[in-house]
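Q: Got a structure here, written out as C-alpha cells. Questions coming.
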Amino acid sequence: MIDVVTSVPSEEAAPIGVFDSGFGGLTVAREIAKALPHESIVYLGDSARCPYGPRDLGEVDGFVQQICTWLVQRKVKLIVIACNTATAAGLAHAQRTFDLPITGVVEPGSRAAAQTTHNRRVGVIATQATVDSCAYSNAIRTFDAGITVFSVAAPRFVKIAEQGIRMAEGPIEDYTSLASKVYIRPEFEEIAREYLEPLRRCGIDTLVMGCTHFPLIKALIGGVIGRDVTLISSAKETAKDVRDILQRRGELAPDSNQPRYDFFTTGGNLEEFGRFGERVFRAPITSLAHVDLP
C-alpha cells in the first residue's frame, strides 16, 4: 500500500495533482497557480529517485503509474506530469490506466512551438532521455509535418539551475533579480554557448525549453541564443492547457475557493526541499511532508 500522509481534501475543492522527479516541476506548479489562482494543488517531488533523465524509460513508466495512483488516492481532479522524461515514458500508459484527465508537458510546448515558428525550423533543448525519446520531434511534427526539429541534450543546464538557486541567497521577493545576476556568469555562458551555438547555426527561430528546470535560466538561454529566437516555456503552455481542460469539463474551482498548496517529497531532507522549493515556486511553502513510495 502507498502511504497517505495527511487527510484528503474535500471533494468540493478537489485539487490539481502535479508531480516531477524533484524541484523542476515546481515551475509548472507556479504557472498553474498564476493562471488559476483559485485552484488547490498537491505537488509531489520524487527526490529520492531523482533524476529520471538517465534512467530506463520502462522504469520511469513504473514510477508514473505509482505516483498517479498516490495522487488519485488524494482525490485530485486532474494530474499534470510536470517532467519531460516522465511524460515521454509514461503519459500514454497513465491515460489508459486512470479515469481522470492526465496531461504532460511535451504536447503543450510542442503545439506552441509549431504555432510560433515562421521559418519552420525549431530547436529543442532537453535531458538526454527526452531527446532520445524523440518525444518533442514527433509531437511538433504532429502539429506541422513540414517543420524541421533540431534537438540538443543539455544536462548541465539542470545543474546550473540548481546551483543558481543555492547561490541566490536572500528574500524570496528578491529572488528574480538575484537569480538573473547569478545565472549571467562567464562560466555558465560558456556552457550555454556550447549547447546553443549549433542550434543558432541551424537557423532556428523558435526554441523549446524542454526541461522544467530550464525556465529558471531563461535569462541565460535567451542572452546566448539571441532576441531573434522565441523561447517556448513548456511550463507556461501546460498551465494554459490545464485551464482549458478544466474549463471545458466545468470543473474550475469557484472564485470563492481558498486554494491550498500541499507539497510532498520522497526525499529525506525536508529543509532543503522547502528552501529550494520556495525559490522555484516563488512563494512560501507552508505545508510540506515526506511520503514513502515503496
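Using the working numbering, read the sequence shown as starting at 2 and increasing by one per residue.
Built from N, CA and C at the ideal position, the CB exists for glycine as well.
#1: Among the candidates 48, 72 and 52, whose CA atom is the shortest distance from the CA of residue 17?
#2: Alpha carbon to alpha carbon, what distance is there between residue 146 and residue 44?
#3: Please report the straight-line C-alpha distance between residue 160 and residue 261, rounded to a whole angstrom.
#4: Give the range of the beta strand (DSSP E) segment to which residue 24 is assigned.
#5: Of all the options 223, 189 and 185, which has the alpha carbon lying nearest to the alpha carbon of residue 201?
#6: Taking all protein chains shown into account, decide if residue 210 is buried (16 or more other Cβ within 10 angstroms of its Cβ) or exposed.
#7: Under three-state DSSP, which class holds residue 122?
#8: Can you tell me where the beta strand (DSSP E) holding residue 110 begins and where it ends?
#9: Let's see if you can read the secondary structure: which residues bound the beta strand (DSSP E) around residue 291?
#10: At what residues does the beta strand (DSSP E) containing residue 232 begin and finish?
#11: Applying the criterion that 16 or more other CB atoms from any shown protein chain within 10 Å of the CB defines a buried residue, is residue 40 buried or exposed?
#12: What does DSSP give as the partner residue(s) for residue 266 in the beta ladder?
#13: Measuring alpha carbon to alpha carbon, tell me which residue in 37, 285, 266 and 114 is nearest residue 231.
#14: Can you check whether the CB of residue 107 is closer than 8 Å to the CB of residue 154?
#15: Determine, using beta-carbon pairs with one atom in the stretch 244-252 and one in the stretch 81-88, whether at least three such pairs fall under 8 Å.
#16: Quick check: what's the CA-CA separation for residue 206 versus residue 241?
#17: With a 10 Å radius around its C-beta and 16 neighbouring C-beta atoms as the bar for buried, classify residue 288 as buried or exposed.
#18: Assign residue 151 to one of three DSSP states: helix, strand, or coil.
#19: With residue 264 and residue 292 assumed to form a contact (beta carbons below 8 Å), what rounded beta-carbon distance in angstroms separates them?
#20: Only counting the same chain, and skipping five residues up and downstream in sequence, which positions put a Cβ closer than 8 Å to that of residue 9?
#21: Taking the straight line between their C-alpha atoms, what separation do you get for residue 220 and residue 185?
#22: If contacts are defined as beta-carbon pairs under 8 Å, then residue 294 and residue 66 qualify, I think. What distance do you get, rounded to the angstrom?
#23: What does the Cβ neighbour count give for residue 214, buried or exposed, with the cut at 16 atoms within 10 Å?
A: On the basis of the data shown:
#1: Measuring from the Cα of residue 17, the nearest candidate turns out to be 72.
#2: Roughly 35 Å separates the two Cα atoms.
#3: Residue 160 and residue 261: Cα-Cα distance of roughly 30 Å.
#4: DSSP places residue 24 outside any beta strand (DSSP E), giving it a letter other than H or E.
#5: Nearest of 223, 189 and 185 to residue 201, Cα basis: 223.
#6: With at least 16 other beta carbons inside 10 angstroms of its own, residue 210 counts as buried.
#7: Residue 122: strand per DSSP, three-state reduction.
#8: First-last for residue 110: 107-117, but that is the alpha helix (DSSP H), not the beta strand (DSSP E).
#9: Residues 289-291.
#10: For residue 232, the uninterrupted beta strand (DSSP E) run begins and ends at 231-234, by DSSP.
#11: Answer is buried; the Cβ neighbour count reaches 16.
#12: According to DSSP, residue pairing for residue 266 in a beta bridge involves 46 and 291.
#13: Taking only the C-alpha atoms, the option nearest residue 231 is 114.
#14: In this structure, residue 107 does not lie closer than 8 Å to residue 154 by Cβ.
#15: Contact between the stretch 244-252 and the stretch 81-88 is not established, with fewer than three Cβ pairs separated by less than 8 Å.
#16: Roughly 22 Å between the two C-alpha positions.
#17: Exposed.
#18: Here residue 151 sits in strand by DSSP.
#19: That pair is no contact at about 10 Å.
#20: Because residue 9 sits at a pLDDT of 43, beneath the cut-off of 50, its placement in the model cannot be relied upon, and the following sentence gives the value as read from the coordinates. The residues are 74, 75 and 76.
#21: The straight-line gap from Cα to Cα measures roughly 8 Å.
#22: Taking 8 Å as the upper bound for CB-CB distance, residue 294 and residue 66 are not in contact here, some 11 Å apart.
#23: Of the other Cβ atoms in all chains shown, 16 or more fall within 10 Å of the Cβ of residue 214; this residue is therefore buried.
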